[in-house]
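> Heads up: the sequence lines are chains A and B, in that order. Last residue of the first sequence: number 667 in the numbering used here, and the count goes up by one each step with no gaps. Last residue of the second sequence: number 1334 in the numbering used here, and the count goes up by one each step with no gaps.
There are 2 protein chains.
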Amino acid sequence: MKRKRTKKNIALSSRKSAAPEDVIPGIIIEDVRPSVDGGKYPVKWIAGDPLTVKADIFKDGHDVIAAAVEYKKKSDKAWQSVPMKFLENDRWSGEFVLAENARYLYRVRAWMDPVASWMKHVEKKCQSEASVKSEVLEGIVLLEEARRLSKGKDRERIATLKGSLKRTSGVSHDVLALIRSPEFQKFLGGHSLRRLESLSAPLELVSDRRRARFGAWYEIFPRSQGKKEGVSATFKDCIKRIPEIRQMGFDVLYLTPIHPIGVTKRKGPNNSLVADKGSPGSPWAIGSKDGGHKAIHPELGTMEDFKNLLKAAQRADIEIALDIAFQCSPDHPYVKEHPEWFFHRPDGTIHYAENPPKKYEDIYPLNFHCEDWRALWEELKSIILFWADKGVKIFRIDNPHTKPLGFWKWLIEETQKVYPESIFFAEAFTRPKIMKFLAKAGFTQSYTYFTWRNEKWELRQYLEELTQTEMKYYYRGNFFANTPDILHEYLQKGGRPAFMIRAILAATLSSSYGIYSGFELCENRAKAPGSEEYLDSEKYQYKVWDWDREGNIKALIAQVNHIRRENPALQDYDNLEFYDTRNEMILAYGKRTPDNANIIVTVVNLDPNHAQEDFVTLPLWKFGIEDWQTYQMRDLLTGEKYYWKGPRNYVRLDPKAVPAHIFLLKK
Amino acid sequence: MKRKRTKKNIALSSRKSAAPEDVIPGIIIEDVRPSVDGGKYPVKWIAGDPLTVKADIFKDGHDVIAAAVEYKKKSDKAWQSVPMKFLENDRWSGEFVLAENARYLYRVRAWMDPVASWMKHVEKKCQSEASVKSEVLEGIVLLEEARRLSKGKDRERIATLKGSLKRTSGVSHDVLALIRSPEFQKFLGGHSLRRLESLSAPLELVSDRRRARFGAWYEIFPRSQGKKEGVSATFKDCIKRIPEIRQMGFDVLYLTPIHPIGVTKRKGPNNSLVADKGSPGSPWAIGSKDGGHKAIHPELGTMEDFKNLLKAAQRADIEIALDIAFQCSPDHPYVKEHPEWFFHRPDGTIHYAENPPKKYEDIYPLNFHCEDWRALWEELKSIILFWADKGVKIFRIDNPHTKPLGFWKWLIEETQKVYPESIFFAEAFTRPKIMKFLAKAGFTQSYTYFTWRNEKWELRQYLEELTQTEMKYYYRGNFFANTPDILHEYLQKGGRPAFMIRAILAATLSSSYGIYSGFELCENRAKAPGSEEYLDSEKYQYKVWDWDREGNIKALIAQVNHIRRENPALQDYDNLEFYDTRNEMILAYGKRTPDNANIIVTVVNLDPNHAQEDFVTLPLWKFGIEDWQTYQMRDLLTGEKYYWKGPRNYVRLDPKAVPAHIFLLKK
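Here you go:
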């Protein structure tokens, strides 16, 4: 903690020895929250939301202390200040609103208030002593000091108070009356006489726009959005898909990589080593003679077409997200222009990506630690800025955990200096601490283990970790129900009800969720038993889909997304709470706005095969409902209204009909 | 984290741009434990004990990493190093022994091992490919690099390995055989080729002597150790008491202040405002014409007598602790010699201590923030050093929470630079966060809320906070069962069984505990109903005690202290675990040595009035006992042997006989 150099301090430090509080702070400020790893990494918040800062603040003895939260945009010079209030057990709290989508700093300032300390002492002493003459003399000295520090009318007012104090002549009865008077009490909060000022180390915060927390995502392979077999669809075909995607209620349309695809070592259908002539290759094998990460695959269209897609999406209130994979096909222009950015082997070849026995010969990783690393990093940054300039502000980053963790910290900070609205979504499916670290390093959103959490206990345990621990301050889990790489066994085996269950879970457990297209069609054919890969995956083939295929759950998804838009409780991330149920197949949980104006209770049958029944126990006291009261539970999925009474009520859910209730609770 | 400037790094940084890991570390080191508040305050440990340091260590990708704990005495220049082992979930662990009673620093170093990474890759690849020619070429380059970094025989050995590798010609079968050979595997751990070195910020640790954790304390007013009514006893009388105190098994004899006592505003019996002529005054009203904090009260004897007491105690293996109260009577020499060290009022008087309506007119507080604060602080330090020079190494500090918290940090560090063996015991009974902060600031031991924790749930909750949270790393609770200021209602009303219960709890829950003399006599007369003050307190009167008074529990205390000395499990602090019981009056808990060689299970009846019975459930799997096994429970208090079988066994405890079992569990 550093001490502010007030005039008083400067005077002191010009003497031979510093003040003791220059050695060690006179007031201790500890455990300032929110914070991540004690301040090592920025906290994430949403612009427009209030931020409540809490801290332990204390000193020795009985003096009165005061404190304020100070904050500013990182780029600003001047700090703003809001007073903190004492809560209990030496904990203080102050609140302010993060006005902008920007980086902020905040810190806590605390000081001893000699006037308030004096008043508290005198107040107590007047009650046991007839005269407080000596205390009055002390008070006069303090008021004089405060007067000198003040200006204009304040100065006059304090002089008046001083005069009044003098006239009491120390008679306790009179002194008490005076210090309890409104004038004196008002002065208590307004003067600027401070001692032993302490300042906490500043904490950093990223104030993101609302989409960073709330959004329904829809992932597509642009080349599979058309109607002709065996050829690539185009951006024009994608534009035709927009109304339908809008109809389903999605907020973000996320495109797999749109760049030219290499031909060398191109993979064939189902990841086969030999690609036949008509095979389009993996969109993640980026780069060909047609260009690299700043180019568009000619089969998809032109930059003009892409801009049209952006516009069409914007008109439909849908935002486009791009998939950014920092790796190259052997045909990427970088390979010739910047061979120094790749890993070279003593035999003269360039290292392809591999994790034996797996080989990705169609992909060359970049050497982020190469000698010319700074030029490489700058070039990669220029790719992000290139697309941001075109109007893309959401970047889904492919495999960030295979690149240096510090690179992301740098890249995201650099980008957000120019485009604070940019959102980075980490596609890392790796060990927990690395996933957490990527979020600490700056990723706005993160993929999660959600697809692999299917049982009641593990859903509850995982969600509590995400939303009820320090993780909530830096890690925003975006719950994808499937991805081009993950078709979970639960979906493979559970049929249509399983898709409904997982969509509802994703959409109501997290404020950000997504599906990879085909999910709404209940596509569940795996490449092989035990594999999570799709059969005939779009990753390696042109595909044509019947978007109205029988058995689809588009209506349900549209409804769920509608419910999410209508109910602010579902737009918040860390407001999740679980409710007790006894049946291991029934999961119950809720989300509420802080004022309880919007209370959503979701009850899901996790069993896709059988109807299940149970009693759900709700914590009515939290909702402001008495145990004897009847309250309405309107199922927003079916429209049915139930009238519940007391905390414990019966539910029965049949997956053949609707496997869940999404209740709006009305008092 | 800072990066070590190896030759390689210097070479890099002499180029235009630094390496990327100079910007952000290439390997992340997080959550290094033990630590207090993320490293803000030192951890406390005991010299001679092993310290296990754990950390999360990870990087992007699949490289093999290695790590070491580095440590040194703070005053040393060179760091020592022990390798860390991978545990699971990116957590690593390394252990070393803190050889000395000193301040230490420790940190974690991690690096990427390119040779091990290469071997891991080749090992995998050889199993799916017939030839790994290119990998062999890479290996040769690495071995050559490693060879250049090594010396003497190592250099030759590596050259030989390199030759062998070359001769494989890349045939997978041969390469696999070679890298699995003992020579190659040995090299894996021994070479010094490292990349991407990261270093964690150093953490500080105070390695105290064993007495800082384990000891039974006995507190006395030296002037009340004699046999003559109405006059002061002397140090000579105290010497006569030593054999008896030794007999009871105490390790520390703690004396209330031994300095001259002021006469101005001296308090009379029971804290009355007027002291009659024979009243000795409060020993905490320090200073008179006979001297201040470096002087001895003439009634107690001379410095020679004090030294004799020290010697007598030492012969009995008892250590003397002094009570240090940094405050002055109005007659203290400082008041005249250094009036600038006190609080002056505008009316010319000096502030006495007060907290209205309480007044302590016999005591002047010191102004730790006065202009001449540095001279004051130095003088106070000289008091500690004065007594340390005389041979006192344990200081019980009176009311530290009314002095600047930073002062203690400074004082303790300064003292321990000269006398690392010095122990500071904080007598703070105040708000939780201030008590914790004093421990963080450096106090070796702390008073606790133990006297006010009498019910089962609160004992368990409080002890779990003390011994199972981060507090265990910095806060060592010394459990006093009573103090001259605290005679708890439980003792006032519970009679002899209450004293037995509380002594056994204190002595078996914490490794450090104490009683204020009179406790062993079951002295329980309070000043008034509802007061925790003793009637006719020694604080204001000469007292003569009959140390063999009927109903005393000296034999029990001697036995409990004997049990503590015999059983190392009771000498450890944070090894406490509670066992399930259903009866709210039966508390069961245990302490074990890490190797389970010494297992102590204590079962206490908290009800001083009635016999209570219950079943105690023990976690046998932790003790290495199968559920079907019979094991011996020898009650160390009564000598009785019980044979228990299975985890759940019956106990019945009658407070009229012995209110507790202290079992030694034998397999």
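The beta-carbon is built from N, C-alpha and C at its ideal position, and this holds for glycine as well.
Excluding the five sequence neighbours on either side, which residues of its own chain have a C-beta within less than 6 Å of the C-beta of T415 (chain A), listed in chain order?
These residues qualify, in order along the chain: I384 and S422.
> So which residues on chain B does I24 (chain A) lean against when the C-beta distance must stay under 8 Å?
Near I24 (chain A) (Cβ distances below 8 Å), the residues of chain B are P1071, L1072, G1073, F1074, K1076 and W1077.
> If distances are taken between C-alpha atoms only, which option among B:H1005, B:T969 and B:G929 comes closest to S996 (chain B)?
Ranking B:H1005, B:T969 and B:G929 by Cα distance to S996 (chain B) puts B:G929 first.
> Going along the chain, which residues of the stretch 801 to 821 of chain B sit with their C-beta nearer than 8 Å to a C-beta in chain A?
Result list: S801, L804, E805, I807 and V808.
> So for N1121 (chain B), helix, strand or coil by DSSP?
DSSP places N1121 (chain B) in coil when its eight states are reduced to three.
> Mind checking who V803 (chain B) pairs with in its DSSP beta bridge?
Looking at the DSSP assignment, V803 (chain B) forms no beta bridge with any residue, so it has no partner.
> So is W1124 (chain B) buried or exposed if we call it buried at 16+ other beta carbons inside 10 Å?
By the 10 Å Cβ count, W1124 (chain B) comes out exposed.
> Please state whether DSSP places H1229 (chain B) in a helix, a strand or coil.
Three-state result, H1229 (chain B): helix.
> Could you run through the stretch 349 to 383 of chain A and flag, in chain order, every residue whose CB is less than 7 Å away from some CB of chain B?
Those would be T349, N355, P356, P357, F368, H369, W373 and R374, in chain order.
> Closer than 7 Å by C-beta to T467 (chain A): which residues in its own chain qualify, once you throw out the five before and the five after it? Chain order, please.
These residues qualify, in order along the chain: Y573, D574 and L576.
> Closer than 8 Å by beta-carbon distance: list the chain B residues that pair up with H332 (chain A), in chain order.
Under the 8 Å cutoff, chain B gives no residues; its nearest Cβ is about 20 Å from H332 (chain A).
> Of all the options A:V560, A:L618, A:A110 and A:H661, which has the alpha carbon lying nearest to the alpha carbon of W217 (chain A)?
Cα-wise, what sits closest to W217 (chain A) is A:V560.
> On a Cα-Cα basis, can you pick out the residue from A:K440, A:T638, A:E129 and A:G495 that is closest to S35 (chain A)?
Residue A:K440 is the option with its Cα nearest to S35 (chain A).
> In its own chain, which residues sit with a C-beta less than 6 Å from the C-beta of A660 (chain A), not counting the 5 before and 5 after it?
Correct list, in chain order: I504 and V604.
> Beta-carbon within less than 7 Å of R634 (chain A)'s beta-carbon, same chain only, minus the 5 sequence neighbours each way: which residues are those?
The answer, listed in chain order, is K641, F663, L664 and K666.
> What residue range does the alpha helix (DSSP H) around V1211 (chain B) cover?
Counting along the chain, V1211 (chain B) falls outside any alpha helix (DSSP H), and DSSP gives it neither H nor E.
> How about P709 (chain B) and E871 (chain B): are their beta carbons less than 7 Å apart?
Yes, they are a contact pair.
> State the beta-bridge partners of F429 (chain A) as determined by DSSP.
In the DSSP output, where bridge partners are listed per residue, F429 (chain A) has none listed.
> Who are the neighbours of H121 (chain A) on chain B, taking C-beta pairs under 8 Å?
Simply P1023.
> Contact defined as beta carbons within less than 8 Å: I believe K739 (chain B) pairs with V1211 (chain B). What is the distance between those atoms, to the nearest angstrom?
K739 (chain B) to V1211 (chain B), Cβ: 54 Å. No contact.
> Which of the three DSSP states is assigned to R982 (chain B) in this structure?
Correct three-state label for R982 (chain B): helix.
> Taking the straight line between their C-alpha atoms, what separation do you get for G1313 (chain B) and G646 (chain A)?
Going from the Cα of G1313 (chain B) to the Cα of G646 (chain A) covers about 43 Å.
> Applying the criterion that 16 or more other CB atoms from any shown protein chain within 10 Å of the CB defines a buried residue, is A1174 (chain B) buried or exposed?
Buried: at least 16 other Cβ atoms inside 10 Å.
> Inspect the beta-carbon positions of P619 (chain A) and P497 (chain A) and report whether they are closer than 7 Å.
Result no, Cβ atoms of P619 (chain A) and P497 (chain A) do not sit closer than 7 Å.
> Report yes if the CB atom of H858 (chain B) is closer than 7 Å to the CB atom of A797 (chain B), and no otherwise.
No, the pair does not count as a contact, with Cβ atoms beyond the cut-off.
> May I ask which residues mark the beginning and end of the beta strand (DSSP E) holding L1332 (chain B)?
A1327 to K1333 is the extent of the beta strand (DSSP E) around L1332 (chain B).
> So, for L193 (chain A): in the same chain, excluding its five sequence neighbours on each side, which residues have a beta-carbon less than 8 Å away from its beta-carbon?
Here the set comprises D113, P114, V115, L142, E145, A146 and L149.
> May I have a chain-ordered list of the beta strand (DSSP E) segments no shorter than 3 residues that lie completely inside the stretch 1223 to 1277 of chain B?
Fully enclosed beta strand (DSSP E) runs of 3 or longer: 1243 to 1246, 1253 to 1259 and 1266 to 1272.
> Looking at A325 (chain A) and Q398 (chain A), is the spacing between their C-beta atoms short of 7 Å?
The sequence given here places Asp at residue 398 (chain A); Gln does not occur at that position. Yes, these two residues count as a Cβ contact at 7 Å.
> Thinking C-alpha only, which one of A:A428, A:L606 and A:K381 is nearest Y490 (chain A)?
Nearest C-alpha to Y490 (chain A): A:L606.
> Kindly indicate if chain A contains any beta-carbon less than 7 Å away from that of P1326 (chain B).
For P1326 (chain B), the answer is no, since every Cβ of chain A falls outside 7 Å of its Cβ.
> Out of A:K267, A:W284 and A:P283, which one is the CA nearest neighbour of D276 (chain A)?
Of A:K267, A:W284 and A:P283, the residue nearest in Cα terms is A:K267.
> What residues match up with P50 (chain A) in a beta bridge as DSSP calls it?
Beta-bridge pairing links P50 (chain A) to A:V97.
> N598 (chain A) versus chain B: which residues are under 9 Å apart at the beta carbon?
Neighbours of N598 (chain A) on chain B: none; closest Cβ ~36 Å, over 9 Å.
> Examine the Cβ distances between the stretch 152 to 160 of chain A and the stretch 119 to 130 of chain A and report whether three or more of them are shorter than 8 Å.
Touching, no.
> Quick check: is the beta carbon of D90 (chain A) nearer than 7 Å to any beta carbon in chain B?
So, interface residue.
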